[in-house]
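One structure below.
Numbering (our numbering), first residue to last: 591 to 1442.
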């Protein structure tokens, strides 16, 4: 697990850079006031705004080329509507959060996995699109700085000549193209292979990336004040250097860093207040507007889903829209909260304030202003709960949005802020079904990134307030001034900041006062007994694996459902779906397990999950891999009659003539048999030269065997074979631990299975579960995902390690129904580590993983 220092180092560095950027902004704007920035926004012509909107639309059209080229790189082309949706949604989201690999990759995994692409293929798409982004900015930046040199003296940390810097930047894309020409072998990193990008694809890659950045720079250019001294080449060079600085800072969206670098390089040519105003509008149009449109689109999809014929939206959205809604609404709630806070610390429009002075009492305005700051901080904190699908977070967010809309109008007729909040509210209301988790808001863990985002918003609010009221003479008496004057507005700013910080402090204290988080540990005998009672009423037999005692147990609040899991390295693996009768309890346990993993820096994985519950894991952002098929015999259809069953009948008759007989021993009588069962088990292990396994497979344990009935095959009075029985809620019968003497005759285990099935049918059971056939059902086709092709290859030719095909053929003789089982786990570079850790868990340790 990662140490706290490593987890917090990156966010803390980003926060420090943001504070440094605020200091730079403060110095650059020393001679200006907030009203100067506001005045430029008022003067901005509608034609410039329309031009910026048009160029933004063209820019987002260009970014679809990133994914279009990436799919040709991996030779898995998809229809353009799907490619366009994936690219536009990924960039609308990642541009606002930050142009990071992690942000875009998580979205692409959700989208492309629903369209049949494997984890490795999606990882290659992410690598390709990330390269395209950087190659584009390096190509354009290098070309502009070389052909139109820029004075970089305002950046003391960049002590390079502009033309030299441009040549250095160009060196990287040129080397990239040459590498594709000269090197034929793929790049290899550990077990990963990346084919080289040939010039016929690399050159369009450079062109698309470069055009994207030129268009993004053109959006800002249309918003700048007209000035003969600032040509497009100069502005583009400044824009690209500022963007590179923002990308390297790892601050969401490069917030603060991008603005401060731009101001430093252009403050001698353009008024700093006008420049800052243009940058603010650029943020709104290029980042926030596409995000809002994405949220509205998904909200309309949810409304269409609930009222089938009310609206029409492309069907290709259906597999993944519900998985993305909480994340987009969480980001919009964070932004909406920030908007309310920023509005609370800046002056109201004077004309609107004068109008309000005639309509409402001062007390109403004061209360509305203070409430808006509380609502803003509340939305910032609730955003995390929305991301985690908490029903309480949804309800409180709806309430806070409604209150925020009213407060915005009453404190200064701020209809702009009210419109932003209304858009989020309109999207949230029809999406109620997406927020179903009934967990405490204070139980949610905040990652270092979330804590940094909250700190950035608070820091920005405080700086913005002091910048807005820099001409005020601050004194202790200012706290208690209530008026419509400038001093009254400054007083409201101070109280708003204190109110917001008070909400954050209350939330932090409430979390600290909660009981210490659960620490994973093996279950006690009392907990195993609780699990036994729950498993006895559960319709599927795998729940009895909890009785082994080798997995930690996570119970729900009512302790009538549980999830079992093991930990190996940083991988936390849940065995099967949560053992719960209701869908609500199943979802809550799965999310609680994921949060437990995050709290300890682990990777969550769910092994052998049922197809009926795949939507839950998609919502959690976990890619799905088929890991095999489970064989189940319908006992009502099972019979030993007929020509097809002649061989099975002969097996029973032959063994019974030789003196073998079948017997079911009740749990109460098992302890007396343990010495004989131990002899059979030890002989079986010695004859097979294998180690005991675990986790998903039973091992010899006296407590485990005594927990339920045991099926025996005797010869005379001696035990020749045995198997413990799982009874799933009176519906499913299954075996787990099966052992027999090495000198037993052929067909002994067939005899045992057949007799158990006949007995189970007589007892009224519906199904007999023969267990998993690992890797069965995977397709080895040219267009199949890499994992499927690899698994199919191992299934067919992996007899050296495990008889996969033989196990499948053995179970097939009983004519079972085959049901797919899946592994839900992080994809990309984390997947090989997850698979290795899972193998170690099942094998009972590293030694078992590399031997039989």
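A virtual CB, placed ideally from N, CA and C, is assigned to each residue, including glycine.
The structure presented is a predicted model; accordingly, all values stated were derived computationally and were not measured.
| said: By the DSSP assignment, the alpha helix (DSSP H) with residue 1137 in it spans what residues? | reply: Counting from one through the chain shown, the residue named residue 1137 turns up at place 547. Careful: residue 1137 lies outside any alpha helix (DSSP H) and carries neither H nor E.
| message | Do residue 1402 and residue 1356 have their beta-carbon atoms positioned less than 8 Å apart in this structure? | response | Here residue 1356 corresponds to residue number 766 of the chain shown, with the count starting at 1. Here residue 1402 corresponds to residue number 812 of the chain shown, with the count starting at 1. Taking 8 Å as the Cβ cut-off, residue 1356 and residue 1402 do not qualify as a contacting pair.
| said: Between the alpha carbons of residue 1224 and residue 916, how many angstroms are there, rounded? | reply: For this step, residue 1224 is matched to residue 634 along the chain shown. For this step, residue 916 is matched to residue 326 along the chain shown. Residue 1224 and residue 916: Cα-Cα distance of roughly 40 Å.
| What is the DSSP secondary structure of residue 1359, reduced to helix, strand or coil? | For the purposes of this step, residue 1359 is taken as the residue at position 769 of the chain shown. If DSSP states are grouped into helix, strand and coil, residue 1359 belongs with the strands.
| query | Quick one: Cα of residue 1045 to Cα of residue 1161, how far? | reply | Sequence index remark: in the chain shown, residue 1045 carries index 455 (1-based). Sequence index remark: in the chain shown, residue 1161 carries index 571 (1-based). Roughly 30 Å separates the two Cα atoms.
| task | Going by CA-CA distance only, name the one from 1342, 1363, 1025, 1240 that's closest to residue 972. | result | By one-based count along the chain shown, residue 972 stands at place 382. Minimum Cα distance to residue 972 is reached at 1025.
| Apart from the five residues on each side of it in sequence, which residues of its chain come closer than 6 Å, Cβ to Cβ, to residue 1167? | Locating residue 1167 in the chain shown gives position 577, counting from the first residue. Taken in chain order, the residues that qualify are 1199, 1200, 1203.
| query | For residue 1294, does the three-state DSSP call read helix, strand or coil? | reply | Residue numbering aside, residue 1294 sits at position 704 when the chain shown is read from its first letter. Note: residue 1294 maps to helix in three-state DSSP.
| message | Report the start-end ranges of each alpha helix (DSSP H) in the stretch 1190-1232 that is 4 residues or longer and not cut off at the edges. | response | 1204-1209
| request: Count the other CB atoms, across all protein chains shown, that sit within 10 Å of the CB of residue 1332; report buried if there are 16 or more and exposed otherwise. | output: As a position in the chain shown, residue 1332 is number 742, starting the count at 1. Exposed, by the Cβ-count rule.
| Should the stretch 1052-1067 be regarded as contacting the stretch 1008-1026, the criterion being three or more beta carbon pairs within less than 8 Å? | no
| query | Can you name the start and end residues of the alpha helix (DSSP H) that residue 1276 belongs to? | reply | Counting from one through the chain shown, the residue named residue 1276 turns up at place 686. It spans 1264-1278 - the alpha helix (DSSP H) in which residue 1276 sits, taken as one unbroken run.
| Classification of residue 1345 by the beta-carbon crowding that lies within 10 angstroms, buried from 16 upward | Along the chain shown, read from residue 1 onward, the residue named residue 1345 stands at position 755. Residue 1345 is buried by the Cβ-count criterion.
| field | Span separating the alpha-carbon of residue 1143 from that of residue 1120 | value | For the purposes of this step, residue 1143 is identified with residue 553 of the chain shown, where counting begins at 1. For the purposes of this step, residue 1120 is identified with residue 530 of the chain shown, where counting begins at 1. Taking the straight line from one Cα to the other gives about 10 Å.
| query | Where DSSP assigns a beta bridge to residue 1405, which residues make up the other side? | reply | Sequence index remark: in the chain shown, residue 1405 carries index 815 (1-based). Looking at the DSSP assignment, residue 1405 forms no beta bridge with any residue, so it has no partner.
| To which residues does DSSP link residue 1162 through a beta bridge? | As a position in the chain shown, residue 1162 is number 572, starting the count at 1. Note: residue 1162 sits in a beta bridge opposite 1157, 1194.
| said: For residue 643, which residues in the same chain have their Cβ closer than 7 Å to its Cβ, ignoring the five residues on either side in sequence? | reply: For the purposes of this step, residue 643 is taken as the residue at position 53 of the chain shown. If we look at residue 643 and ignore the five residues flanking it on each side, its Cβ neighbours are 875.
| said: Which of the three DSSP states is assigned to residue 916 in this structure? | reply: As a working note, residue 916 is residue 326 in the chain shown. Residue 916: helix per DSSP, three-state reduction.
| query | Is residue 1266 near the ligand GTP, going by C-beta to nearest heavy atom under 7 Å? | reply | Inclusion of the ligand GTP in the displayed structure is not the case, the ligand content being empty and no account of it being possible.
| field | residue 785 vs residue 776 beta-carbon contact at 8 Å | value | Stepping through the chain shown from its first residue, residue 785 is reached at position 195. Stepping through the chain shown from its first residue, residue 776 is reached at position 186. Yes, Cβ-Cβ distance for residue 785 and residue 776 is below 8 Å.
| query | Can at least three beta-carbon pairs, one atom from the stretch 714-723 and one from the stretch 640-659, be found at a separation below 8 Å? | reply | yes
| query | Under the three-state reduction of DSSP, which class applies to residue 1169: helix, strand or coil? | reply | For the purposes of this step, residue 1169 is taken as the residue at position 579 of the chain shown. Reduced to three states, the DSSP call for residue 1169 is strand.
| request: Just grab the DSSP bridge partners of residue 1328 for me. | output: Here residue 1328 corresponds to residue number 738 of the chain shown, with the count starting at 1. Bridge partners of residue 1328: 1313.
| field | Opposing strand residues paired with residue 1322 [DSSP bridges] | value | For this step, residue 1322 is matched to residue 732 along the chain shown. Residue 1322 is bridged to 1318, 1357.
| field | contact_flag[the stretch 842-860, the stretch 644-653] where n(CB pairs < 8 Å) is 3 or more | value | no
| query | Taking the Cβ atom as the reference point for each residue, do residue 1443 and residue 725 lie within a distance shorter than 8 Å? | reply | Summary: the structure shown does not reach residue 1443, with the chain confined to residues 591 through 1442, and so no result is reported for it.
| query | Between residue 860 and the rest of its own chain, which residues show a CB-CB distance below 8 Å, the 5 nearest in sequence each way excluded? | reply | What you label residue 860 is simply residue 270 of the chain shown in a count that begins at 1. Contacts found: 814, 815, 817, 820.
| query | Does the distance from the CB of residue 1139 to the CB of residue 1123 come in under 8 Å? | reply | Counting from 1 along the chain shown, the entry for residue 1139 is found at position 549. Counting from 1 along the chain shown, the entry for residue 1123 is found at position 533. Not in contact: residue 1139 and residue 1123 (Cβ atoms no closer than 8 Å).
| Taking just the CA atoms, how far does residue 1339 sit from residue 1246? | In the chain shown, the residue the question calls residue 1246 occupies position 656. In the chain shown, the residue the question calls residue 1339 occupies position 749. C-alpha separation (whole angstroms): 13 Å.
| query | Helix, strand or coil: how does DSSP classify residue 1113 here? | reply | In the chain shown, counting from the first residue as 1, residue 1113 sits at position 523. Reduced to three states, the DSSP call for residue 1113 is coil.
| query | Which term fits residue 1075, buried or exposed, when burial requires 16 or more other beta carbons within 10 angstroms of its beta carbon? | reply | For the purposes of this step, residue 1075 is taken as the residue at position 485 of the chain shown. Its Cβ having fewer than 16 others within 10 Å, residue 1075 is exposed.
| query | According to DSSP, is residue 1251 helix, strand or coil? | reply | Along the chain shown, one-based indexing puts residue 1251 at 661. Strand, per DSSP.
| field | Straight-line Cα distance separating residue 948 from residue 1039 | value | For this step, residue 1039 is matched to residue 449 along the chain shown. For this step, residue 948 is matched to residue 358 along the chain shown. If I take the Cα positions, the gap works out to 45 Å.
| query | Would residue 1112 be called buried (16 or more neighbouring beta carbons within 10 Å of its own) or exposed? | reply | Position 522 of the chain shown, counted from the first residue, corresponds to residue 1112. The residue is exposed, with fewer than 16 neighbouring Cβ atoms inside 10 Å.
| task | Report the option in 619, 1241, 1425, 865 whose CA atom is closest to the CA atom of residue 1193. | result | Translated into positions along the chain shown, residue 1193 becomes position 603. Answer by Cα proximity: 1425.
| Minimum length 4: unbroken alpha helix (DSSP H) runs contained in the stretch 943-979 | 952-977
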